[in-house]
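Participant:
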C-alpha cells in the first residue's frame, strides 16, 4: 500500500489532566517543559487522578502528526514499539480507527509508554514522559518496503535521546535516501537542539528535505534572534523550512522564498500537540496537491483549533467545505 507519510517515533499514550500550579509545586516538576520519568515516578504522578475520567489518545510527537495526516484524509503509516498490555491495545486501536497503517509486535516485558500532560489554567503544558516499550524501537523495526511506498518519511527528534531509537531514525533516513524518498525532521524540543546542535545541522545539510521547528528552537540552532534571519539561515542549508511563531503564525521557506502564514486568533486551552498538528497539516498538504501557501494556511488553522480544546487530536474535524477553502487560498 502506498502512503503519503511514513512516520517513525515514540509510541506513547497521552493522558491529559487539568491541574493547578499547587499540584505542580507538590510534584516538584518544572512548569512548561518535558521531563523523562521512570515507571515508578509515572505511576506516582498518575495516582493523583481518576484515570478512567481523563482524556487519552495515541500520542507521541510523530504519532500525533501522522494521526493529523490521516484525519485530513491522507494515507499514513507509523512505526513504533508498544507493550503487550491494555495501554498498548488502546494505542493500536486508536490509530487504526483513523485509518493509520501500523503493524507492530507488542513486547511482553515492557509497559507501553505514556505521557502525562498536566495542563494549567494559562494553557501551559508540563509533560512527564515514561518511554516504556517505545525505547526498544531499533533499526530492525524499519520496513524498507513501507518507505519505498511513501512520499515522505517523517522523523521526530525525541528519538535521538536513546541509542537504539537514534539508530532506527538513521536507518529510516538511509533507506529513504536509497529509495529517493523525501525526509522531514522535527526538532521536537529546544533541549534537544542544545544537546545535538551540530548533529541537526549535519542532517539539515544532508538528507533532510523539510525541517520543522519553532521560534525558540530556531534561535538555539542558529544563534540569531530575529525569526526571519533564523529562517533564512536554516534555508541556506535546508531545502524547505517550516518555523512556527505561536500566535503570530509561521514562516515557510521554499524555493528561496519566504512564505508568511497568518496566525489564527483563539482562546488557548491546551497547547499540547499544536506543533504536531501543524506538521500534519503541512505534510498532508504538500503530499496531496496543495501549494506550500495553502498547506501553511491549513496547518495554521488546524493548530489553532487544537489549541482551543483539550488534547492533541481534533475534537471537531474540518468539514468537506472547510477543507475546500484551503485550495482557494
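In the numbering used here, the protein residues as written are -11 to 317.
The beta-carbon is built from N, C-alpha and C at its ideal position, and this holds for glycine as well.
Note that the coordinates shown come from a computational prediction; the quantities given were computed from them, not determined experimentally.
What residues are listed by DSSP as bridge partners for residue 170?
Facilitator: Looking at the DSSP assignment, residue 170 forms a beta bridge with 140.
Participant: Assign residue 265 to buried or exposed, taking buried as 16 or more other Cβ atoms, counted over all protein chains shown, within 10 Å of its Cβ.
Facilitator: Answer is buried; the Cβ neighbour count reaches 16.
Participant: At which residues does the beta strand (DSSP E) containing residue 199 begin and terminate?
Facilitator: That run of the beta strand (DSSP E) goes 198 to 202.
Participant: Excluding five sequence neighbours on each side, which residues of the same chain lie with their C-beta closer than 6 Å to the C-beta of residue 205?
Facilitator: Result list for residue 205: 175, 178 and 181, in chain order.
Participant: I'd like to know if the region 238 to 247 and the region 117 to 125 are in contact, where contact means that at least 3 CB-CB pairs between them fall below 8 Å.
Facilitator: Too few Cβ pairs lie closer than 8 Å, so no.
Participant: Determine the extent of the alpha helix (DSSP H) in which residue 186 is found, giving its start and end residues.
Facilitator: Segment 185 to 193, the alpha helix (DSSP H) holding residue 186.
Participant: Quick one: residues in its chain with C-beta nearer than 6 Å to the C-beta of residue 269, no 5 flanking neighbours on either side, listed in chain order?
Facilitator: Correct list, in chain order: 286, 287 and 290.
Participant: Taking Cβ positions, are residue 201 and residue 210 nearer each other than 7 Å?
Facilitator: Not a contact, by the Cβ cut-off of 7 Å.
Participant: Measure the CB-CB distance between residue 142 and residue -7 and report whether it falls below 7 Å.
Facilitator: Contact flag set, yes.
Participant: Whole angstroms are fine: how far does the CA of residue 8 sit from the CA of residue 104?
Facilitator: So the two alpha carbons sit approximately 15 Å from each other.
Participant: Is there a C-beta anywhere in chain C that falls below 7 Å from the one on residue 174?
Facilitator: Chain labels in this structure do not include chain C; a single protein chain is all it has.
Participant: Taking the straight line between their C-alpha atoms, what separation do you get for residue 67 and residue 158?
Facilitator: Residue 67 and residue 158: Cα-Cα distance of roughly 14 Å.
Participant: Can residue 251 and residue 237 be called in contact, C-beta distance under 7 Å?
Facilitator: Yes; because the gap between Cβ atoms is below 7 Å, this pair is in contact.
Participant: What span of residues does the alpha helix (DSSP H) with residue 109 cover, start to end?
Facilitator: Looking at the DSSP string, residue 109 is not in any alpha helix (DSSP H), and its letter there is neither H nor E.
Participant: For residue 90, is the beta carbon positioned less than 6 Å from some heavy atom of the ligand MG?
Facilitator: What this structure holds is no ligand at all, so the ligand MG is not there to describe.
Participant: Strictly by DSSP, which residues pair up with residue 228?
Facilitator: Paired residues: 198 and 242.
Participant: At 4 residues or longer, and completely inside the region 275 to 311: list those alpha helix (DSSP H) runs for me, N to C.
Facilitator: Correct list: 280 to 295.
Participant: Grouping DSSP H, G and I as helix and E and B as strand, with all else coil, what is residue 149?
Facilitator: The answer is helix: DSSP assigns residue 149 an H, G or I state.
Participant: Let me make sure I understand the geometry here. Which of 33, 56 and 30 has the alpha-carbon closest to that of residue 267?
Facilitator: The option with the nearest alpha carbon to residue 267 is 56.
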